[in-house]
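Chemist: Count the sequence shown with numbering that gives the first Met the number 0 and you get residues 0 to 236, in order.
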Amino acid sequence: MTERPRIALIGNRSSTTPAHACLDAFVPSLDADVDWVPSETITGPDSLGGYSGLWVIPGSPYASKDGVLLAIRLARETGIPYLGTCGGFQHALIEYARNVLGLSQADDVQYDPEAETPLITALCCSLVGETAPLYLSDGSRLASVFAHAEETVETFHCKYGLNPDYVDLIEQSSLVISGWDAEKAPRAIEIVDHPFFIGTLFQPELSSSPGSIHPLIEAFVAAAARHAETSARATTP
0 MTERPRIALI GNRSSTTPAH ACLDAFVPSL DADVDWVPSE TITGPDSLGG YSGLWVIPGS
60 PYASKDGVLL AIRLARETGI PYLGTCGGFQ HALIEYARNV LGLSQADDVQ YDPEAETPLI
120 TALCCSLVGE TAPLYLSDGS RLASVFAHAE ETVETFHCKY GLNPDYVDLI EQSSLVISGW
180 DAEKAPRAIE IVDHPFFIGT LFQPELSSSP GSIHPLIEAF VAAAARHAET SARATTP
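1) Please classify S13 as buried or exposed, where buried requires at least 16 neighbouring CB atoms within 10 angstroms.
2) What are the start and end residues of each continuous alpha helix (DSSP H) run of 4 or more residues lying completely inside the segment 62-126, in chain order?
3) Assuming the contact rule is C-beta atoms closer than 8 Å, G10 and A91 should be a hit. Round their C-beta distance to whole Å, please.
4) Is the segment 81-89 touching the segment 33-41 in the sense that three or more CB pairs, one from each, lie closer than 8 Å?
5) Name the two residues that bound the continuous alpha helix (DSSP H) containing F201.
6) For a test of the three-state rule: what should DSSP assign to S173, helix, strand or coil?
7) With 16 as the cutoff for other CB atoms within 10 Å, does D192 come out buried or exposed?
8) Going by alpha carbons, who is nearest to S177 out of Q202, E150, F155?
9) Please state whether DSSP places A24 in a helix, a strand or coil.
10) Return the bridge partner residues of H52 from the DSSP annotation.
11) Could you check if A24 is buried or exposed, using at least 16 other CB atoms within 10 Å of its CB as the buried criterion?
12) Quick check on DSSP: helix, strand or coil for L133?
13) Excluding five sequence neighbours on each side, which residues of the same chain lie with their C-beta closer than 7 Å to the C-beta of E189?
14) For I93, which residues of its own chain have a beta-carbon under 7 Å away from its beta-carbon, when the five flanking residues on both sides are left out?
15) Specify, as a first and last residue, the run of the beta strand (DSSP E) that V36 falls within.
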């Protein structure tokens, strides 16, 4: 029997963030126990003990950037399935740049307009409320979520993304850019040798409902269930 996973929704609930209302509507229908975890409550690994999936949801800038980055690093380094949507995509890039690529000052200009290393900057064209094509990297985990399709159409609600000046650096690393827009701007990332680590600028929450869950969310919940089952077996005498 598959272990029912515990999933942390990491962020700060807001009535002005459209994805949060969507989450409230469909999360009860997921085959998982889901908790909202405010970013400021994450002060160390113990803050997220017992969770088999970490999902950093839209709504940046967060009350605690450090809390969010700690959660992402925990997922990346320990193999806990991770999904980052919109702000979760942006902060996954920041965490990786700081702790793997050595860009210790990498930041989002929403927090610091004068950032020394402005990794996340305003998009040339706002994607608030926009639906747009997403082109998928062949052989990527993200492509497998969409039955190995070459492209899909997704819903966005954001104004910030990866600074084009750092795209080459990301492409030379082990962080894979697995989704692009029509102008070849990165819109999704993943880590190949991780059980499940995907960040997307698009928001699958906005195209989900209780009777129709986005396939990326379904894939993440399934990965969290596998992690929970593996952890349960490891602790069973």
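We treat Cβ as the ideally placed atom computed from N, Cα and C, and that holds for glycine.
Predicted, not measured: the structure shown is a model, and the values here were computed from it.
Modeler: Based on what the coordinates show:
1) Of the residues assessed, S13 falls on the exposed side of the cut-off, its CB having fewer than 16 other CB atoms within 10 angstroms.
2) With a minimum length of 4 residues, the continuous alpha helix (DSSP H) runs that stay inside the segment 62-126 are 64-77, 86-98.
3) With a Cβ gap of about 13 Å, G10 and A91 do not count as contacting.
4) Touching, no, given that fewer than three Cβ pairs across the two stretches are closer than 8 Å.
5) Going by DSSP, F201 is part of no alpha helix (DSSP H) at all; its letter is neither H nor E.
6) Here S173 sits in coil by DSSP.
7) Exposure of D192 is indicated by the presence of fewer than 16 other C-beta atoms within 10 angstroms of its C-beta.
8) Ranking the options by Cα distance to S177, first place goes to E150.
9) In the three-state reduction of the DSSP assignment, A24 falls in the helix class.
10) Reading off the sequence shown, one finds Gly at residue 52, where the question assumed His. Answer is I6.
11) A24 is classed as exposed because its beta carbon has fewer than 16 other beta carbons within 10 Å across all chains shown.
12) Here L133 carries a strand assignment [DSSP, helix/strand/coil].
13) Counting only Cβ-Cβ distances below 7 Å, and skipping sequence neighbours, we find S139, R140, L141, V175, S177, F196, I197.
14) Within the same chain, I93 has close Cβ partners L68, A105, D106, D107, L118, I119.
15) Boundaries of the beta strand (DSSP E) harbouring V36: 32-37, taken from the DSSP string.
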